[in-house]
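J.:
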Amino acid sequence: MKGVLPAGWDDEDLTDDDDYYVDSLVRTAKNLKITVVPDITTGAGLDGQNFDGELNEEVRVWFKQFKERYNRYKQTPTTKQQMKALLMRDPQPLILALKLFASCPGCTYLKNKSLALFILESVCELYNQYPGIASNCDHNTRMVAFNFIKTCGILRLYKAVIETYELHKITELLKPKLRELLTTGHFKDAAYWSTLLNVTHIFGLFDLVFPLILQDRISLAEEFLMNAKHQQLPTVQFLDSLLDKKKTVYEHCDEILTKYNYTDIKQNILLYRPMSKLVTRLSKKFNIDIKYTPKLRYSKSSSYLHYLYRKYQEGGMSFDSWRELARDEANKSKSLQLDLITKITQYDINEAMFWVQLYNVPIGDCPLPIQMKMQNLPMDTGDEKQNLIDDWEDYSALQENEKIEGASCLAVDKEEYLGLQLSLDCVILIDSKSKFLEMLKYLEQYVLIAFDSEWKPSVCNDNIVSILQLSTAEKVFLVDCLSAQLDDRLWKLLGSKIFNNLEILKVGFSLDQDIRMLHKTLPLQLNLQATSCYLDMRDLWHRLKHMPIIKFPYDQQTLGGESLSVLTELCLGKKLDKSNQFSNWANRPLRRDQLIYAALDAHCLILIYQVIAELLLRLNIDIDTMVEEITTSKSGYLFRIKSTAHSNEICKEQYRKNSNELDKVLDFKYLRNSNVKFICDSMLFGLTKELRKIGLDCYQIFSYSDLDKCIELAKREQRFVLTRNSRFLLFRRKVPENQCLQIPSDTTENQTIHLLQRLNIQIDEKDVHSRCVKCNCKDFLLATRSQIHTMRDGYMDNLKGINEPTKIKHEFLKRSWNLSYIDEQILSTKKTCRGKPIKVDEINQQLLKTKEFFYICNNCGVCLYDGAYLIHPKVASYLKPYACEDGNGGVCNGSHIFK
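So in the UniProt record's numbering, the last spot in the sequence shown is 899, and the numbers never skip.
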């Protein structure tokens with residue numbers, strides 16, 4: 001400890017015989033937890049030499065005055081100019097800067113805007129102006145500069161000092177210093193220095209990269225690996241090995257953590273999900289083939305198989321599509337096959353039996369339910385079993401009766417879906433050169449072509465377009481993009497004659513993804529700047545939504561967001577059957593229903609365009625002008641229609657008519673439906689909260705296992721089921737059709753207003769804030785501030801408790817809830833009447849000062865107060881005109897219920 005003094009002591013105050021007193025002071029400082037600041041000049045030079053930081057008298061006087069000015073004004077152009085002038089007058093400005101730095105208070109722990117940092121930044125700026133000032137810099141000065149700032153953690157300063165003091169010239173001398181940083185736990189600084197000095201090779205995986213990952217410094221580890229290319233593959237392979245599910249990630253790392261004595265560890269990184277995301281991220285970052293990450297590949301494939309079966313169960317894909325995709329993925333390994341069988345056994349033992357027989361799984365490897373079923377069934381002969389394996393579609397036909405109650409019951413009646421209005425002779429598969437050239441000759445005659453593309457879903461997102469659909473009003477061409485007979489020259493012809501042809505309008509839906517995929521996988525040589533010849537029907541749909549005059553032929557309360565299926569229903573009266581969208585488009589030959597789906601997906605765009613064109617023609621609006629505005633506009637969806645004066649008047653009249661009809665529908669006297677009840681799907685949690693705020697009874701689904709219970713509840717209590725996407729198909733089969741509502745993908749407030757309008761729901765003043773947002777209960781305890789204090793802190797404040805109903809403010813009694821009062825037993829046990837712990841600890845001290853009353857949910861114990869859950873202003877604005885009537889028979893503004 002010699003040479004180390006407590007802050008505030010000067011070594012000039014000590015004599016040679018004062019070592020004993022210094023040691024005593026150091027021990028006292030330790031006992032008192034006083035920080036002992038080491039002198040940074042000690043051992044700062046080469047071979048541990050001390051750095052002479054003494055300033056001459058003239059500079060010391062100047063610097064004392066300068067410190068006073070800097071403390072008063074901080075960094076200004078004047079102070080910077082004065083500092084640079086001082087450095088330029090000295091024959092060795094780099095050394096002087098280090099001496100000034102060492103004389104600054106706080107030089108050991110640099111902070112932004114500190115004087116020490118200002119000095120080094122000034123000398124670095126001076127070097128950029130006059131590089132010659134570094135001509136006299138020796139290795140000792142360079143080592144001092146490194147030691148002064150090596151652990152400050154300021155990256156910009158590291159870069160500037162390396163350049164100014166030319167630290168690359170002492171790289172070999174700095175390598176041991178960088179290793180020392182690891183022993184003191186400065187992994188971040190070691191990573192910065194080794195990267196900037198280009199010496200990343202001196203550290204191994206467990207020296208630096210893995211400790212950075214354990215500290216959750218992922219971005220820094222990535223930056224280090226970008227320079228340490230030789231460590232990229234070993235790092236990813238090691239991290240992938242931790243994803244073996246036989247043990248947890250932490251158990252895999254336990255031996256390594258002990259061996260290298262890592263202490264700074266963020267436990268959340270040693271979990272399976274964060275680690276798998278990290279392996280995925282690094283693999284993508286460094287373009288590492290998935291074959292080098294077998295554990296991650298297995299995990300993704302397993303999750304993909306589970307996702308496929310869940311999507312099939314919910315009606316989001318057809319039976320044949322499910323089996324095609326699952327078979328293609330499960331063929332990769334025996335373990336995936338067993339995993340698939342185990343998962344399916346939980347839901348459908350007959351379907352699991354098919355996969356057992358398909359893959360010839362030994363009975364001993366099967367799940368227990370399968371073993372029991374196989375032992376009770378007569379064994380097939382070898383020929384019969386082989387036939388089942390060779391023709392698994394025939395096997396599915398044998399199981400048809402059993403499937404009626406299973407997943408096939410999820411399929412919606414095909415008559416509800418739009419059918420292909422062309423004969424199959426008009427759907428032409430293009431898989432040869434001659435057919436391709438005939439198609440080009442035919443398409444060149446048209447000015448309007450619809451197009452779409454399909455590709456096989458992939459675990460690793462290495463998708464390539466498999467089918468390209470090109471449609472006119474009379475024919476649909478399905479171009480087989482995987483055909484070996486279609487060479488690059490033909491694709492370039494298609495690009496130049498059709499896709500880059502400004503005279504042909506190409507119509508699609510959500511074109512960005514299709515154009516991106518075509519550009520990525522086919523040599524069409526697309527001109528991506530020629531946007532004027534592409535019309536996205538979604539953009540046209542958005543334009544029409546802003547015109548009050550527009551009414552689609554089948555314009556009813558259609559839900560489901562802004563999908564092509566919804567637009568098809570608005571224009572053509574029926575939705576699209578999307579059950580084959582998610583299927584194996586790389587399989588050859590394609591199934592008949594796949595071909596029909598692909599043809600219809602493109603041809604319906606032509607039909608929709610024709611309906612909209614006819615609709616606009618009747619309104620005296622030129623569709624060509626509108627299309628030109630859309631395809632050349634840069635303002636997106638927010639633009640105004642340029643139309644004739646006549647059409648504008650029609651728009652205004654129609655808008656007034658619609659507004660009057662809407663006012664009639666929303667008349668307070670006709671909205672008498674406050675007893676409606678709901679069941680809300682798990683993806684609509686925000687809607688559940690908003691409905692409960694306005695007093696509506698809403699049961700929340702939390703997991704897939706709740707479905708049977710919720711379906712039974714919906715039937716028993718005639719609750720409306722609120723859901724969206726493919727889950728709508730599942731519920732519509734299980735509950736009466738008029739009780740299943742599909743909620744659009746929108747903001748929570750818009751969903752709420754949409755639902756209130758659709759069902760003509762009246763919200764009374766007394767219903768607002770009458771339910772617990774957490775659990776839907778209407779049973780509350782009223783607690784005063786003093787009672788909350790008693791339960792929380794064990795004492796009463798000056799406010800007396802209220803025990804008699806006559807003393808309760810009349811506002812509380814107006815609400816439609818069951819309100820009880822706190823008694824001595826509740827105060828002592830801190831539990832509700834239903835035995836639930838009261839969560840008084842969640843109320844902060846500020847609320848206790850500002851709120852007089854609290855409402856405790858009897859069912860879950862949560863403590864609420866006026867203003868705890870605000871109704872969204874948009875919903876409140878919708879409710880206010882119809883909220884309540886005042887005592888004089890007039891309609892009040894309802895403002896008092898939206899606290």
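The C-beta atom is built at its ideal place from N, Cα and C for all residues, glycine as well.
1) Is it right to say A85 is buried, meaning 16 or more other beta carbons lie within 10 angstroms of its own, or is it exposed?
2) By how many angstroms is the C-alpha of L526 removed from the C-alpha of Y597?
3) Verify whether the separation of the beta carbon atoms of K693 and V773 is less than 8 Å.
4) Check whether the region 769-784 touches the region 846-858, counting contact only when three or more Cβ pairs, one atom from each stretch, lie closer than 8 Å.
5) T850 to T747, Cα distance in whole Å?
6) On a Cα-Cα basis, can you pick out the residue from K506, F552, M791, D488 that is closest to T521?
7) With a floor of 3 residues, list each beta strand (DSSP E) that falls wholly inside the region 445-490, ordered by position along the chain.
8) Cα-Cα, which of Y312, L437, Q237 is closest to D289?
9) Closer than 6 Å by C-beta to K150: which residues in its own chain qualify, once you throw out the five before and the five after it? Chain order, please.
10) Quick check on DSSP: helix, strand or coil for S194?
11) With DSSP as the reference, label L799 as helix, strand or coil.
12) Rounded to a whole number of angstroms, what is the C-alpha to C-alpha distance between D823 and D706?
13) For A221, list the residues DSSP reports as bridge partners.
14) So K332 packs on S303, CB below 8 Å; how close in whole Å?
15) Relative to the C-alpha of Q215, which candidate in M275, C481, T472 has its C-alpha closest?
16) Quick one: what's got a C-beta closer than 6 Å to P369's C-beta in the same chain, skipping five residues either side?
17) Compare the beta carbon distance of D536 and L511 with 8 Å and say whether it is the shorter of the two.
18) Got a sec? Which residues, its chain only, sit under 8 Å from L98 by beta carbon, not counting five neighbours each side?
19) Measuring alpha carbon to alpha carbon, tell me which residue in I269, T258, F451 is nearest V249.
20) Assign E329 to one of two classes, buried (16 or more other C-beta atoms within 10 Å of its C-beta) or exposed (fewer than that).
21) Give me the residue from I341, F286, L233 with the minimum Cα distance to F292.
22) Tell me which same chain residues have a C-beta within less than 8 Å of the C-beta of E623, skipping the five on either side of it?
23) Comparing C-alpha positions only, which one of F286, T41, N587 sits nearest to Q49?
24) Residue ranges of each alpha helix (DSSP H) run of no fewer than 4 residues wholly in the region 145-216, ordered along the chain?
25) Let me confirm a value: T632 is counted as buried when at least 16 other C-beta atoms fall within 10 Å, else exposed. Which label applies?
26) Quick one: Cα of G861 to Cα of S828, how far?
27) Taking the alpha carbon of L443 as the point to measure from, which residue in K475, G204, K456 has its own alpha carbon closest?
28) Counting C-beta neighbours from all protein chains within 10 Å, is the total for V61 16 or more, i.e. buried, or is it exposed?
29) Threshold first: 4 residues or longer. Then list the alpha helix (DSSP H) segments lying entirely within the region 545-617, N to C.
30) How would you call G508, buried or exposed, if buried means at least 16 neighbouring beta carbons within 10 angstroms?
31) Suppose contacts are defined by Cβ-Cβ distances below 8 Å. Is S318 in contact with S703 by that definition?
32) Touch check for the region 133-140 and the region 177-193: three-plus C-beta pairs under 8 Å?
33) Three or more C-beta pairs under 8 Å: does that hold for the region 103-110 against the region 128-136?
34) Looking at the structure shown, is G861 part of a helix, part of a strand, or coil, going by DSSP?
35) Whose C-beta lies closer than 8 Å to the C-beta of D514 among residues of the same chain, with five residues either side of it excluded?
36) Are the beta-carbon atoms of D336 and Y298 separated by less than 8 Å?
T.: With the structure as the only source:
1) The sequence position of residue 85 within the sequence shown is 85, counting from 1. Burial call: exposed.
2) Sequence index remark: in the sequence shown, residue 597 carries index 597 (1-based). Sequence index remark: in the sequence shown, residue 526 carries index 526 (1-based). Rounded to the nearest whole angstrom, the C-alpha separation of Y597 and L526 is 26 Å.
3) Counting from 1 along the sequence shown, the entry for residue 693 is found at position 693. Counting from 1 along the sequence shown, the entry for residue 773 is found at position 773. Contact: yes.
4) These segments touch.
5) Along the sequence shown, one-based indexing puts residue 850 at 850. Along the sequence shown, one-based indexing puts residue 747 at 747. Cα-Cα distance, rounded: 32 Å.
6) Residue mapping note: residue 521 aligns to position 521 of the sequence shown, counting from 1. Comparing Cα positions, the closest option is D488.
7) List check, beta strand (DSSP E) in window: 448-455, 465-471, 476-480.
8) In the sequence shown, the residue the question calls residue 289 occupies position 289. The shortest C-alpha to C-alpha distance from D289 to any of Y312, L437, Q237 is the one to Q237.
9) By one-based count along the sequence shown, residue 150 stands at place 150. Around K150, the same chain offers no residue with a beta carbon nearer than 6 Å, after the five sequence neighbours per side are excluded.
10) Mapped onto the sequence shown, residue 194 falls at position 194. Three-state DSSP puts S194 in a helix.
11) Sequence index remark: in the sequence shown, residue 799 carries index 799 (1-based). Note that L799 scores a pLDDT of 42, beneath 50, so its modelled location is shaky and nothing firm can be said.
12) Locating residue 823 in the sequence shown gives position 823, counting from the first residue. Locating residue 706 in the sequence shown gives position 706, counting from the first residue. Using only the alpha carbons, I get a separation of about 37 Å.
13) What you label residue 221 is simply residue 221 of the sequence shown in a count that begins at 1. Answer by DSSP bridge pairing: none, since A221 is not bridged.
14) Along the sequence shown, one-based indexing puts residue 332 at 332. Along the sequence shown, one-based indexing puts residue 303 at 303. So it is not a contact: roughly 14 Å between Cβ atoms.
15) Here residue 215 is taken as the residue at index 215 of the sequence shown, counted from 1. Considering only M275, C481, T472, the residue with the shortest C-alpha distance to Q215 is M275.
16) Locating residue 369 in the sequence shown gives position 369, where the first residue counts as 1. Cβ neighbours of P369 beyond the five flanking positions: T345, I349.
17) Locating residue 536 in the sequence shown gives position 536, counting from the first residue. Locating residue 511 in the sequence shown gives position 511, counting from the first residue. Yes, these two residues count as a Cβ contact at 8 Å.
18) Position 98 of the sequence shown, counting from 1, holds the residue named residue 98. So the list reads F51, G53, T141, V144, A145, F148, once near-sequence residues are dropped.
19) Translated into positions along the sequence shown, residue 249 becomes position 249. Of the candidates I269, T258, F451, the one whose C-alpha sits nearest the C-alpha of V249 is I269.
20) As a position in the sequence shown, residue 329 is number 329, starting the count at 1. Using a 10 angstroms sphere on the CB of E329, the tally of other CB atoms reaches 16 or more, which defines it as buried.
21) Position 292 of the sequence shown, counted from the start, is the residue given in the question as residue 292. One detail in the question is off: residue 292 reads as Tyr in this sequence, not Phe. For the residues I341, F286, L233, the minimum Cα distance to Y292 belongs to L233.
22) Within the sequence shown, the letter at position 623 stands for residue 623. In the sequence on display, residue 623 carries Ile and not Glu. I612, A613, L616, L617, listed in sequence order.
23) Your numbering for residue 49 matches position 49 in the sequence shown. Measuring from the Cα of Q49, the nearest candidate turns out to be T41.
24) For secondary structure counted as the alpha helix (DSSP H) over 4 or more consecutive residues, the region 145-216 holds these complete runs in sequence order: 155-164, 171-183, 187-196, 210-214.
25) As a first step, residue 632 is located in the sequence shown; it is residue number 632 there, counting from the start. Exposed, because fewer than 16 other Cβ atoms sit within 10 Å of the Cβ of T632.
26) Numbered from its first residue, the sequence shown carries residue 861 at position 861. Numbered from its first residue, the sequence shown carries residue 828 at position 828. Looking at the two C-alpha atoms, the distance is approximately 15 Å.
27) Taking the sequence shown and counting its residues from 1, one reaches residue 443 at position 443. Looking at the Cα atoms, K475 is the closest of the given residues.
28) Along the sequence shown, one-based indexing puts residue 61 at 61. With fewer than 16 Cβ atoms within 10 Å of its Cβ, V61 is classed as exposed.
29) Those alpha helix (DSSP H) runs which fall completely within the region 545-617 and span 4+ residues are 564-572.
30) One-based indexing of the sequence shown puts residue 508 at position 508. With 16 or more Cβ atoms within 10 Å of its Cβ, G508 is classed as buried.
31) Within the sequence shown, residue 318 is the residue found at index 318, counting from 1. Within the sequence shown, residue 703 is the residue found at index 703, counting from 1. Against a cut-off of 8 Å, the Cβ pair of S703 and S318 comes out as no contact.
32) The answer is no - the region 177-193 does not touch the region 133-140, with fewer than three Cβ pairs under 8 Å.
33) No, because fewer than three Cβ pairs between the region 103-110 and the region 128-136 fall closer than 8 Å, the two stretches do not touch.
34) On the sequence shown, residue 861 is found 861 positions in, with the first residue counted as 1. In the structure shown, G861 sits in coil (DSSP, three-state: anything other than H, G, I, E or B).
35) If you number the sequence shown from 1, residue 514 lands on position 514. Counting only Cβ-Cβ distances below 8 Å, and skipping sequence neighbours, we find F451, D452, S453, G508.
36) Reading the sequence shown from its first residue, position 336 is the one you call residue 336. Reading the sequence shown from its first residue, position 298 is the one you call residue 298. The sequence as given places Leu at residue 336; Asp does not occur at that position. Judged by beta-carbon spacing, Y298 lies within the 8 Å limit of L336, meaning their Cβ atoms are closer than that value.
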